[in-house]
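Reviewing the structure listed below.
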Amino acid sequence: KAGVTQTPRYLIKTRGQQVTLSCSPISGHRSVSWYQQTPGQGLQFLFEYFSETQRNKGNFPGRFSGRQFSNSRSEMNVSTLELGDSALYLCASSLGPVLVETGNTEAFFGQGTRLTVV
Amino acid sequence: AQSVSQHNHHVILSEAASLELGCNYSYGGTVNLFWYVQYPGQHLQLLLKYFSGDPLVKGIKGFEAEFIKSKFSFNLRKPSVQWSDTAEYFCAVREKDTGRRALTFGSGTRLQVQP
């Protein structure tokens with residue numbers, strides 16, 4: 299069973315540009331969450347999507363957005379990049395509706411996309 | 013807001029030493045608890061999880077953790093570490109009864125095992 303796939307693995311962008319990152323969850327998983335990992339702030343929750351709807355959102359500015367498609371694949375977009383956006387962006391997928399609703403679900407992480415803003 | 017504390021930021025042990033990494037959380041309701049490990053250059057992998065039932069949970073690679081509800085703690089243990097356990101360890105908590113499925117992570121503990 300394929301794991302969580304994130305593309306691209308590495309990305310270098312210039313300040314002010316925008317970027318789109320992609321995440322394909324494990325087959326059958328319908329919940330996708332995004333996290334930002336930096337040495338200073340650790341792992342911070344960005345947002346979660348389930349059935350193409352954003353269910354939860356972390357404390358990030360509106361420059362950070364995302365969406366989920368009908369096949370559960372998800373994208374996140376960061377507009378007007380800042381130097382501080384340089385980070386490892388992790389995607390995690392979780393199982394389908396029953397387990398998600400009871401809360402007993404574990405998240406499986408992808409390898410991440412390392413974004414460097416110069 | 014929910015917070016998760018890992019008080020040991022960097023731990024250095026010799027092989028065969030015993031390990032205990034602390035994790036405390038602040039949420040007063042029902043929680044799911046997790047320990048993840050991140051080996052150098054690899055993705056986050058689940059070591060073990062607690063959903064309900066026996067508060068002593070066993071995970072992969074000989075790791076175990078004990079949930080002590082009264083202390084809001086979920087400490088990770090391993091009786092005898094190996095050089096291959098060198099990695100960063102993250103405790104994570106999910107608020108089970110709020111519907112908020114996001115994980116709140118601790119800041120991580122970097123474990124270095126010396127041969």
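Quick note, the sequences are listed as chains A and B, same order.
Going from the first sequence to this note's numbering is simple: count from 1 and add 298.
Going from the second sequence to this note's numbering is simple: count from 1 and add 12.
For each residue, glycine too, the CB sits at the ideal point set by N, CA and C.
The segment 350 to 366 of chain A makes no contact with the segment 27 to 38 of chain B, as fewer than three CB pairs between them are under 8 Å. Rounded to the nearest whole angstrom, the C-alpha separation of B:W95 and B:L123 is 10 Å. The beta carbon of A:T318 is closer than 6 Å to those of E373, N375 in its chain, skipping five residues each way along the sequence.
Around the beta carbon of B:F75, 16 or more other beta carbons lie within 10 angstroms, which makes this residue buried.
For B:F84, the closest Cβ of chain A is not nearer than 8 Å.
By the neighbour-count criterion, in which 16 or more other beta carbons inside 10 Å mark a residue as buried, B:N44 falls on the buried side. Straight-line measurement puts the Cα of B:K83 at about 30 Å from the Cα of B:H55.
Between the segment 50 to 68 of chain B and the segment 86 to 103 of chain B there are three or more C-beta pairs closer than 8 Å, enough to call the two in contact.
Taking the CA atoms as reference points, B:H19 sits about 9 Å from B:N36.
A Cβ-Cβ separation of about 5 Å places A:V415 in contact with A:D383 under the 8 Å criterion. A direct Cα-Cα distance of roughly 15 Å separates B:R113 from B:Y62.
Here A:G356 is not near A:L388, since their CB atoms are 8 Å or more apart.
Note on geometry: alpha-carbon atoms of A:Q335 and B:S119 lie some 10 Å from one another.
For A:G326, the number of other beta carbons within 10 angstroms of its own is below 16, and it is reported as exposed.
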